[in-house]
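Everything on this sheet refers to the single structure shown next.
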Ligand code: FES
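Residue numbers (the working numbering): 214 to 319.
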């Protein structure tokens, strides 16, 4: 299997976002990844959804690994920035980050 450079997980549940906006973000993410050329090759990104990330407020929640960055209150406009600036450009959209998973030290 060709490796992925990153994994994006979107919560599509109804507690962090009562309107379940994560569902439309999940669909939008596919088109943004295609537009930015992130579906194939060395920089390709895996997209996934989950019914809950255990946060359950301030959503929709979007998580990006391997950085372990958790974004909250993600709008379609913010998702586009995450794709262009973070997934493609490698620069985290810091002002939208509310949590980080500590990375193991080597
Ligand atoms: S429903 Fe989205 S974090 Fe729990």
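No residue lacks a Cβ here, since even glycine has one placed at the ideal position from N, Cα and C.
Original post:
Start and end of the alpha helix (DSSP H) containing residue 239?
Top reply: Element bounds for residue 239: 235-248.
Original post:
Regarding residue 285 and the ligand FES, is the C-beta to nearest heavy atom distance less than 7 Å?
Top reply: No, Cβ of residue 285 sits at least 7 Å from all heavy atoms of the ligand FES.
Subject >> Same chain only: Cβ atoms within 6 Å of residue 236, ignoring 5 sequence neighbours per side >> reply: Exclusion of the five residues before and after residue 236 leaves 225 as the residues of its chain whose Cβ lies within less than 6 Å of its Cβ.
Subject >> Proximity of residue 258 and residue 246 at Cβ, strictly below 8 Å >> reply: Yes, Cβ-Cβ distance for residue 258 and residue 246 is below 8 Å.
Subject >> Neighbourhood of residue 311 by C-beta, 8 Å cutoff - its chain only, sequence neighbours within 5 removed >> reply: Cβ neighbours of residue 311 beyond the five flanking positions: 271, 283, 284, 285.
Subject >> residue 231 classed as buried or exposed, judged by whether at least 16 other C-beta atoms fall within 10 angstroms >> reply: When all chains shown are included, residue 231 counts as exposed.
Original post:
Can you tell which of 305, 220, 215, 275 has the C-alpha that lies nearest to the C-alpha of residue 229?
Top reply: Selected option, being the one with the closest Cα: 275.
Original post:
Nearest to residue 221 by alpha carbon, out of 292, 316, 315?
Top reply: Just measuring C-alpha positions, the residue of 292, 316, 315 sitting nearest residue 221 is 292.
Subject >> Proximal residues to residue 268 (C-beta, below 6 Å), its chain only, five neighbours per side dropped >> reply: Cβ neighbours of residue 268 within its own chain (closer than 6 Å, five residues either side excluded): 229, 274.
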